[in-house]
Each structure stands twice: as C-alpha cells, then as structure tokens.
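A.B. asks: Numbering (this note's numbering), first residue to last: 345 to 1247.
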C-alpha cells in the first residue's frame, strides 16, 4: 500500500466517524515558542491547553513535521529522521479512552476492502499506565486483547505533558510484533529498542493538571475540567510496516532519492547492512540515508517558505542542504547533485502534496543556489584550511607535531560552514592532525549558550499561565473596540506589577493592565501597538506605551502609573493616541499596496516574510532570489501612488476561512487563522488579504508613498523600506531641493544630471589614472638613483632607500624590481625600499639568485623590517612585502634589513 493511500485511508476513516478533517499547517510553527511544527498536536495546542475554545468536538489530520534535535544520528540508525508525517485524531471534551482505543483498533485491524489497514490483531501489543483500569478493562474485556499483550508501566514511563504546569495524562501505546527476525519475544518491555515490537500509534489521555517539576518529576495536582484525546501514528512507520520494508528509508516516498544517489555515485545501498563492522560499505549506507532524509526535508521546508540563512529556521535548512551535499561528496560525487536528487524527492512526494509541482520553480531555484554557494564555500574553505595546515607545519618546528588549532577548525565550521569531518579528512590527507578536543569544547560552549537562550525563552513562555488565570476569571478575553472607537469606558480585570498579580498598585510604578474592553490595538501582524492613556475612576493615570496579546484575545496594556493608584475592579476610561493610530494605519494600508505592486511588477508568487508598520514608515520583507532593478522599484512606487490618487475604498469583511481563500484573499504563510477571518480589500481588486490590523477608510488618506531602499536580509529574503504620508512628502521635497542644487552646480536640467555626473566621473577617473602614471614614472625615474646609491655590506650589494609618499605598495614593488634588474646578477644583490601610502608605512625587499644562494631571504628580511614599523609581513625568498603603523620608523626598518645581512 503506497504511503499516499495510507494517508487517504486515515482521513477517510475519521471523516466517516464524525471528525473535522483539518489540513496540515505549515512546517513553520504557528506557536511562537518553537521554530517548526514538531508534532501532529501542535496546531491543536490551544484547544488542549484550554486557552481557546475548540471549534469542533473532534478532529483529525495528517501533519507535516520537522525535528532536528537528533540530526547527528540521522542515517546512523534506521529510526531517526528529520521530516516525518504524523497521523492524528483529537477529541476536545468529546470521546475519551474507550473511544480512542476503539477507533484505533478498528482502523488498524479492519480489512483493506473495508477501508482499514488489515493488520493482524494477534500481533498487536499495548503498553498502558499501571493504574489505568479503564484502558485495561476495555482492551481485555471489550476488545478481547490477551492480557499478556497488555503491559503496565509506571506513570513516569508512559505519560505526556507540555513540560510545564498544565495538562498531563497517561498514554496507551500500540505496538506491532514484526516477528523473531527483529528480536526476542516478550513484548515491548523486553524489546527496549523497539525493533521487533514497533510502536505505531500513541494515544494520549489528557485528564490531569500537573504542577512544577523537571522532566517526569512532577506532581499531579488535580483533574482537568475537560478531558482531551491527542493521538499520533507515524505515517512513515505504518508505511514501512505495510510495504514490508525493514525501515522508513526504503518506503516509496524516500527510497527514490537513495536510488538516485546510487546511480550518481556508483555505490550500492545495503552492502553495509551488517553495521559498522562492514567498514566503508556501512558508511556509504549512512551517507545515502542522510541524503534521502535531508533532501526530502529541504524540499518540504522550502515549499513552506523557509529560506537558507545563518540563524533560526534558515540555519536549519542550510545545514540540511550542506550535510546532503557533503554526503554526496564523500560518496565521490563532485558535480551538482540536487538537480537529480531534489527532482527525485519531488516526484516521490507530489502524490501526497500536489502543491509541490506548482511551487517547483521556486523550490528548485532556492535549493540549487544554496548548493552552488556551498560548493564555493568548500573551495574557499579549502584555501583557508591549506593556510591553517601550512601554519601548523611551521609551528611544528617548535612543538615537533603539526596540529591545526581547535579555534581555527571552529572558525572554519562556524564562519564558513566548513564541516569538521571534512576538516579532519583533508588535514589527515596532508599529514596534519586537528585539535578535535579544542574544537568540541568550543562547539559545546556554543551549544550551552543556545541552551541557555532556550531556557530563557521557555521561562518567558511560562508567564502565560498568569494571563490564563486572568482570562478564566473574566470568563473570556478582552473585547476589542478599536476598529470603530478611539476611546471607551472599561473595568480593570487584571493588574500585574513585575509580572506578579496584584489587587492594587500606587504611583509611581510600571504596571500591566487588563481591561474587559479596550480601543487599544495589541502589537501583532507587523503592526505596532497603540499608545495612549488609561484614566482611573479614583484619579489614577496610566500612560500606555505598549500593548501585547500573550494569549489570543487577551489585551495586556503595559505602561507607567504616573498618578494616584489602580485597583482590580475599578472603572476606567481608555483612550488611544489617535494621531499615532492614524499614522500607523496609513503605513499598514501602504504595506498591503506595496505588496500588491510587488506581485504585479516582480513576481506573482512572492511571499511575505515579515513586516513592520510604524508611524509614517513601513518595512516589508518578501521572498525573492534577486535584487530588484531600479526600474522595478520605480514601477512599484508609481503603481502604488497612482492607486492612492484614485482614492480606492478600503473595506473589511468577516467570512469563513475557506470562503476567503476562494475569493483570492492572500494569507500569510505559517500564520494561524481561525474558522472566521477578517478580509481587508482595497478597491475592487487591487489587493485582498487576511488581516486583523487597522487601516485607513480609503487610499486618499495616505497621500504619498516613497520607496527608500531594497536589499537582501538573508538568502532568498529581501526587504523594502518606505516612507508614508508627510514623511514621504518631506523626503521627496529634500530630494527635489538636492536635485535643483546639483542642476545649478553642473549647469543642466534635472533629466540631464545622470549623463553629466557620468561624464564628470569618467573625467575624474581619467585624471586619477594620469596622476597615478605620473607618480609611478617619478618613482621609476628614481630607480637609477637608488641603484647608484648601492653599498656593499658583508658580501652583499645593498640598495636601500626611503621613497617618502607613494601612491601604493605596488609602486614600491615596481621600484624594487626595477632596481634589482639594473644591478644585475654579477654579485649578490638585495634591494630594500620603503615609503608611506595613505598614512601607512610599507617596505618591500627583493633579492637576486646570488643573494639567495648566499643566504639572504626576502621574507625573513621584510619581517624584521616590518617589526620595526609595528606590523608584519611575508612573502617568497625573492620578493616580500610588509607594513606597519609607525611612518616615523621607516629609517629603523631599512636599518633592520642592513643588520639582517650581518652588518
């Protein structure tokens, strides 16, 4: 059974059993605390936690997931992978243990003609919590599972929680016995690796409330008001089981990439099945599994809008691509591999994800560019490594052992993306070792910094519980009135000082205030928060400088209590800064218009990658792989300002999500939307997007948009900065004044300025060339003078001179070579000339063959001279150059050369 059919059967089964079928959300997680969607339950977290009411009592999905915490183990085992698909079914206060177990058993064991998977029920085993009598009784009495096939575990070994105080529950894990070829009998408690008794489905029963604690060391402090079911069955695991394959790498959606790697490399997959003792054959198997996994993960990540970069999601994608390319290199493939491998992966995956075909031009362009960039990195890294190896050999004269220092290896890895295994391999080929322990120490320090950062983020995330309590006490979130009102009466329903709930507070104090209704817009969707004032009934005044929504629908006003006091339950009057709000609204509507212009002028499929809408300015990030031309920027600006002049009406409408998408409304990729969405439309069809922000009523309220700049902020991601309204007019007025001033200075009309400036620059360059030539001629003319001044020192003919101000160090080299030629080969000749270029002193030393035979080395002599200048230098035995910081020491530098000849 093909993987795509296993997927379809899952969805069809649960649809027939009353579940809302939800599409997979993006791999870019909608949860701000995590980079990627790491589990099938991630889109349903708010409903499981109870922070949002579930729109349906039960749901099912097949969710795309990425996990990279075990990336270093990928390929070494057949269980680890980065991209996977998780089948899930969910209940929010609807069915519980008996229902979840019943659905799982029926789907797994029903025959394939009946729509099931046709697995043999006699080969299914379960592990449950030792105190879960409900599951035990249902499995053994209702379904008839033999009691020896149901194994009990303590709660810590078979439970789930969010890792912080909140919902928790025990699990029922379903395992399939693959037979004696995969291990000993005795069930999952004996087969700890899970090779024989393969876990295929995990049913999580959320019924408890857990307290503080680390890992599984926590107390159960109560029961949830509403139970939940969260299950997960790995699609790839079901696939290799039902396709009778030994592991996930050989299923129909993965193996085609391995087959392509075999064809390109001439190596045979499976020859290393015996494990590490198989030597190179095992390593080849590992590399092909790495390639298959990472290429598929890169395909899906790029398809979901991720672009290679140096941090966050972009870094993960970059690392996946580079590991795949590196593995192909180790398989002996030097040419570009992704055009073959990525195509094979796309063809294997498109049955499940037909959107890959439509996005293929962008996906392939991004991936191929990243591979080419890494191939250049390998070349550059090789040059840097060669230098490190040479330095190690030089140092070996003192230490007796050539070792590339750990910090050099770490710099190659961290700065240039040069893999440590490649550094080790290439250094060994040149007979030099690497301080791998030093490298690992630096890597661990970097990881610890990352772990500390993650801990800090997690600690910040736990503060949400305080606001959940406030929301629960309110019976719901804040009522937002800001679309139509700039001020309103309200009641203080929550008060925090230093993150701690308080009943009262007195001035002066920094406070966080929750109101039952508010006109203040909380920062979200790229729009900055409103500022304003909250006046309390008893005379207190709060100056609001920020508004956030830590949980959906709850607006938290952060500000300074400047006068009086504030108490929970007190009446208040909240009023926004309307001037700031209007300025931000102008910018937000302008952002929509710039995006519309970009899609029309540059690329219809350009995706938004971020934005910021601030008073009178905007920033818009988008995916594109090339810089915009000046003409494109002009066309976008003209299109936007033409639309402004038409005073197009801006309308908003609430509608079902699917209806909005059908109408052509653009959704921000990776953003999480509810069943009902707000659609903002500009004009008849100029632009239509899903947006919760505030906007002007018509484009005429904006006035003017001026595009300032466009540039790259990461691989495949670019940014447009623009000014709006009064600041746009001011900017263009200043530009006009500057153009008028230049026109007067250069004596021409504005449209003639580019030609006149170009002509002026050409004349300036020509003048600079002539000046440089004159300076060079003057120096060369002194070559005869320098040659004539040569003196004999300890058997050498030394020509030494301070040439004063020179155009460049290259000019000194020309003089030194000219003097050496003039003095000929009749006797040992050493030439040393020095000068100052751009306030920095330089020295050049040249030797002829006779001098070198007599022991004079230009490199050694120039290092002595440069040391006197407070710098360094080097080069070959016949010609070397150095420099320093002290122009006054030129005489000392030349004297050092004479001393080096034994004077």
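Using N, Cα and C, we set each Cβ at its ideal position, and we do this for glycine too. Predicted model only: the values in this text are computed from it and were never measured.
#1: Would you kindly check if the distance between the Cβ of residue 482 and the Cβ of residue 450 is under 8 Å?
#2: So the alpha helix (DSSP H) residue 919 belongs to, where does it begin and stop?
#3: Under 8 Å by Cβ, that's how I've got residue 562 and residue 555 pegged, so tell me the actual separation to the nearest angstrom.
#4: On the DSSP bridge assignment, give the partners of residue 1249 in chain order.
#5: Grab me the residues of residue 683's own chain with a C-beta within less than 8 Å of its C-beta, minus the 5 sequence neighbours each way, in chain order.
#6: Taking only the alpha-carbon atoms, compute the straight-line gap between residue 872 and residue 970 and give it to the nearest angstrom.
#7: Does the beta-carbon of residue 1138 have 16 or more other beta-carbons within 10 angstroms, so that it is buried, or is it exposed?
#8: Check residue 783 in the structure and name its three-state DSSP category.
#9: Compare the Cα-Cα distances from residue 763 to each of 990, 663, 809, 859 and report the closest residue.
#10: Below 6 Å CB to CB, which residues in the same chain sit around residue 388 once its five sequence neighbours on both sides are set aside?
#11: Does DSSP put residue 825 in a helix, in a strand, or in coil?
#12: What's the call for residue 565, buried or exposed, on a 16-neighbour Cβ count within 10 Å?
#13: Would you tell me roughly how many angstroms separate the C-alpha atoms of residue 370 and residue 836, rounded to the nearest one?
#14: According to DSSP, is residue 955 helix, strand or coil?
#15: Quick one: residues in its chain with C-beta nearer than 6 Å to the C-beta of residue 348, no 5 flanking neighbours on either side, listed in chain order?
#16: At the level of alpha carbons, what is the spacing between residue 1151 and residue 1178?
#17: Residue 880 and residue 908 look like a contact to me (Cβ under 8 Å); what is the Cβ gap, rounded to whole Å?
#18: Rounded to whole angstroms, what is the Cα-Cα separation between residue 583 and residue 783?
#19: Spatial neighbours of residue 1233 within its chain, please: C-beta separation below 6 Å, excluding the five flanking residues on both sides.
#20: If you count every other CB in all the chains shown that lies within 10 Å of the CB of residue 619, and 16 or more means buried, which is it?
#21: Hey, would you say residue 1173 sits closer than 8 Å to residue 1123, going by beta carbons?
#22: So, does the CB of residue 854 fall closer than 8 Å to a CB anywhere in chain B?
#23: For residue 490, does the three-state DSSP call read helix, strand or coil?
#24: Along the chain, where does the beta strand (DSSP E) containing residue 544 start, and where does it finish?
#25: Are the CB atoms of residue 1051 and residue 1066 within a distance shorter than 8 Å?
#26: Considering only their Cβ atoms, is the gap separating residue 480 from residue 472 smaller than 8 Å?
#27: Only counting the same chain, and skipping five residues up and downstream in sequence, which positions put a Cβ closer than 6 Å to that of residue 652?
#28: If you count every other CB in all the chains shown that lies within 10 Å of the CB of residue 1170, and 16 or more means buried, which is it?
#29: Between residue 628 and residue 615, which are expected to be in contact by the criterion C-beta below 8 Å, what is the C-beta distance as a whole number of angstroms?
#30: Classify residue 408 as helix, strand or coil using the three-state DSSP reduction.
#31: So who's on the other strand from residue 868, going by DSSP bridges?
#32: Assuming contact is defined by CB atoms lying nearer than 8 Å, are residue 1224 and residue 1218 in contact in what I supplied?
#33: So the candidates are 929, 781, 574; which of them puts its Cα closest to the Cα of residue 828?
#34: So residue 605 packs on residue 685, CB below 8 Å; how close in whole Å?
#35: Bridge partners for residue 843 per DSSP, in chain order?
#36: Given a threshold of 16 other Cβ atoms within 10 Å of its Cβ, counted over all protein chains shown, does residue 528 qualify as buried or as exposed?
C.D. replies: To lay it out plainly:
#1: Not a contact, by the Cβ cut-off of 8 Å.
#2: No alpha helix (DSSP H) holds residue 919; the beta strand (DSSP E) holding it covers 915-920.
#3: A Cβ-Cβ distance of about 6 Å is found for the pair residue 562 and residue 555, placing them in contact under the 8 Å criterion.
#4: Past the edges of the chain, shown from 345 to 1247, lies residue 1249, and the structure says nothing about it.
#5: If we look at residue 683 and ignore the five residues flanking it on each side, its Cβ neighbours are 708, 712.
#6: Their backbone Cα atoms lie some 29 Å apart in a straight line.
#7: Counting Cβ neighbours within 10 Å, residue 1138 comes out exposed, since fewer than 16 surround it.
#8: The answer is helix: DSSP assigns residue 783 an H, G or I state.
#9: For the residues 990, 663, 809, 859, the minimum Cα distance to residue 763 belongs to 663.
#10: So the qualifying residues of the chain are 434.
#11: If DSSP states are grouped into helix, strand and coil, residue 825 belongs with coil.
#12: So residue 565 ends up on the exposed side.
#13: For residue 370 and residue 836, the distance between alpha carbons rounds to 38 Å.
#14: Note: residue 955 maps to strand in three-state DSSP.
#15: Counting only Cβ-Cβ distances below 6 Å, and skipping sequence neighbours, we find 695, 696.
#16: Looking at the two C-alpha atoms, the distance is approximately 12 Å.
#17: Residue 880 to residue 908, Cβ: 6 Å. Contact.
#18: Distance from the CA atom of residue 583 to the CA atom of residue 783, rounded to whole angstroms, is 40 Å.
#19: For residue 1233, where only same-chain residues beyond five positions count, the Cβ hits under 6 Å are 1212, 1213.
#20: Label assigned to residue 619: exposed.
#21: No; because the gap between Cβ atoms is not below 8 Å, this pair is not in contact.
#22: The chain labelled as chain B is not found in the depicted structure, where only one protein chain is given.
#23: Residue 490: coil per DSSP, three-state reduction.
#24: First-last of the beta strand (DSSP E) with residue 544: 541-558.
#25: Closer than 8 Å, so yes.
#26: A contact, by the Cβ cut-off of 8 Å.
#27: Result list for residue 652: 658, 661, 662, 714, 1059, in chain order.
#28: Residue 1170 should be labelled exposed.
#29: Sure, about 7 Å apart at Cβ, within 8 Å.
#30: Of the three classes helix, strand and coil, the one that applies to residue 408 here is strand, per DSSP.
#31: 871, per the DSSP bridge assignment.
#32: Taking 8 Å as the Cβ cut-off, residue 1224 and residue 1218 qualify as a contacting pair.
#33: Ranking the options by Cα distance to residue 828, first place goes to 929.
#34: Going by Cβ atoms, the distance from residue 605 to residue 685 rounds to 7 Å, so yes, they are a contact pair.
#35: Beta bridge pairing from DSSP links residue 843 with no other residue.
#36: Exposed.
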